[in-house]
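S.K.: Mind having a look at this structure? Questions to follow.
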Amino acid sequence: MVSPVRVWLNRTYAENVFFMDQLRRNPADRAVEIHATHGDPDSPVLAAADTADLEPEGLSAAGYVEYALDQCARRGIDVFVPRLHQTAIVAHRAEFEAAGTALLAPPPEAVAVFQDKVIAYEAVRAIGVPVPPWWRVRTADELVAAVEELEAHGHRACFKPASGAGGVGFRMVTRDAFSLTQLDGFPSPYVPLPLVVEALRAADGPVDWLVMPRLEEPEVSVDCLTGPDNRVRLAVGRTKNGRRRGFTLQDQWLAPARRIAEAFGLHHLSNVQFRMYGDRPVLMDVNTRPAGGLHQLALCGINAPWAAVRLALGDDPGEMTPPFLGQDYAVVSGPRPLRPVPAPQSRTDLTAAPPPAPVTRRTPTVPTTTPAGTVAHDPAAGAPA
1 MVSPVRVWLN RTYAENVFFM DQLRRNPADR AVEIHATHGD PDSPVLAAAD TADLEPEGLS
61 AAGYVEYALD QCARRGIDVF VPRLHQTAIV AHRAEFEAAG TALLAPPPEA VAVFQDKVIA
121 YEAVRAIGVP VPPWWRVRTA DELVAAVEEL EAHGHRACFK PASGAGGVGF RMVTRDAFSL
181 TQLDGFPSPY VPLPLVVEAL RAADGPVDWL VMPRLEEPEV SVDCLTGPDN RVRLAVGRTK
241 NGRRRGFTLQ DQWLAPARRI AEAFGLHHLS NVQFRMYGDR PVLMDVNTRP AGGLHQLALC
301 GINAPWAAVR LALGDDPGEM TPPFLGQDYA VVSGPRPLRP VPAPQSRTDL TAAPPPAPVT
361 RRTPTVPTTT PAGTVAHDPA AGAPA
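Okay, so the sequence shown: first residue is 1 according to the UniProt record's numbering, each after it adds one.
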């Protein structure tokens, strides 16, 4: 009897419940047991996993590596998909391998390049992939100079942290005065330049921002699966234009993504994002981890999470091409279960509740629907399912 594959996801995005679903629905019908850890007891990944633990808070990177090695040994982890402290973890790959755990992550050299967006842009430009103009700014005067340069060439300026992920800290600069317009409707990413300058001058120290032109849609995220030989096994672009999403295999998007993945050794799953600068695609960002929307490739007949686990275990899936491209779709939210909240120790002291204990699910419940936020396409039927 073939033993189950034990996969661990640490402090990952809530959307990766779909990553977990796909592992269980693998085409080989191989049993998969999933371990999840998180700092938030209400993360849905904890309820979706077969076993789950709350992560300790306040660990240094080195302390977290020790914690991770202990988790792998105690839980019998075959494949570890690290997000939190990825840089520190991949630097200890040999220790994880000695414990019998394969890391589904690139080598430390590749991770280091893409931690800092300025270093990444310089490195990617050196291999011939187009990038937008950028300025690294730390002071109010540097910000104003960069914004004025961009506006002189007809661009709207935006800024974001030089190191960061998930669009956190992204803002677009406006010359409009702050008014009720900014308070109508939902919060806006637009910030008046004078307010930003005032905040920078009142700050205790410098910032580390990347200033660049606002890039236009379509946005294309290319999901890549790359082997330890630096050869890409799979590359599919997911397009975004307003609410409408779709898929592409066009070379203008896939060729530069493949070049980046192969040149820098982005082993296993990575995600390369592009937008338009004028009439040409340019690099926006590179993620050295599985993208939150990776599960959407299921609409193209691809189970990328399972292919990546196979590759991590030394079972090369070979060159993969989608059997079809799914129809355009939209992303909508849907409910997912959470772990039960433990009863408080006292009715008069609701703060006395202990943290949730580790949970083991004996019989995982796997949704039979398509990934949330998508419209399925059945190629055999020739129409939406």
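No residue lacks a Cβ here, since even glycine has one placed at the ideal position from N, Cα and C.
#1: What does the Cβ neighbour count give for residue 244, buried or exposed, with the cut at 16 atoms within 10 Å?
#2: Under the three-state reduction of DSSP, which class applies to residue 115: helix, strand or coil?
#3: Using the beta-carbon count (16 or more within 10 Å), is residue 141 buried or exposed?
#4: Buried or exposed, going by whether 16 or more other CB atoms sit within 10 Å of the CB of residue 37?
#5: Pick out whichever of 206, 295, 261 has its Cα sitting closest to the Cα of residue 127.
#6: By Cβ distance below 7 Å, which residues in the same chain neighbour residue 387 in space, the five residues on each side in sequence not counted?
#7: Got a sec, what are the start and stop residues for the alpha helix (DSSP H) residue 173 sits in?
#8: Indicate whether residue 168 and residue 81 have their beta-carbon atoms separated by less than 8 Å.
#9: State yes or no: is the C-beta of residue 5 within less than 8 Å of the C-beta of residue 32?
#10: Assign residue 153 to buried or exposed, taking buried as 16 or more other Cβ atoms, counted over all protein chains shown, within 10 Å of its Cβ.
#11: Does the Cβ of residue 22 have 16 or more other Cβ atoms within 10 Å, making it buried, or fewer, making it exposed?
#12: Report yes if the CB atom of residue 200 is closer than 8 Å to the CB atom of residue 139, and no otherwise.
#13: Roughly how many angstroms lie between the CA atoms of residue 312 and residue 193, to the nearest whole one?
#14: Please classify residue 77: does DSSP put it in a helix, a strand, or coil?
#15: What residue does the beta strand (DSSP E) around residue 235 start on, and which one ends it?
#16: Closest to residue 339 by CA distance: which of 10, 170, 54, 28 is it?
#17: Go ahead and pull the three-state DSSP assignment for residue 40.
#18: Check the C-beta distance from residue 307 over to residue 322 and give it rounded, since I have them as a contact under 8 Å.
#19: Looking at C-alpha atoms only, which residue of 75, 269, 166, 158 is the closest neighbour of residue 50?
#20: Just confirm the distance between the C-beta atoms of residue 88 and residue 61, as a whole number of angstroms; I'd bet it's less than 8 Å.
#21: Considering residue 161, what are the terminal residues of the beta strand (DSSP E) in which it resides?
#22: I believe residue 144 touches residue 197 by the beta-carbon criterion, under 8 Å. Please report the beta-carbon distance rounded to the nearest angstrom.
#23: Rounded to whole angstroms, how far is the Cβ of residue 406 from the Cβ of residue 267, which I believe are closer than 8 Å?
M.R.: Considering the structure as presented:
#1: exposed
#2: coil
#3: exposed
#4: buried
#5: 261
#6: Residue 387 lies beyond the stretch modelled for the chain, which goes from 1 to 385, so this question has no answer here.
#7: First-last for residue 173: 171 to 174, but that is the beta strand (DSSP E), not the alpha helix (DSSP H).
#8: no
#9: yes
#10: exposed
#11: buried
#12: yes
#13: 47 Å
#14: coil
#15: 232 to 241
#16: 54
#17: coil
#18: Their Cβ separation, rounded to whole angstroms, is 12 Å, which puts residue 307 and residue 322 out of contact at 8 Å.
#19: 75
#20: 4 Å
#21: 157 to 161
#22: 6 Å
#23: This structure leaves residue 406 out entirely; the chain is present only between 1 and 385.
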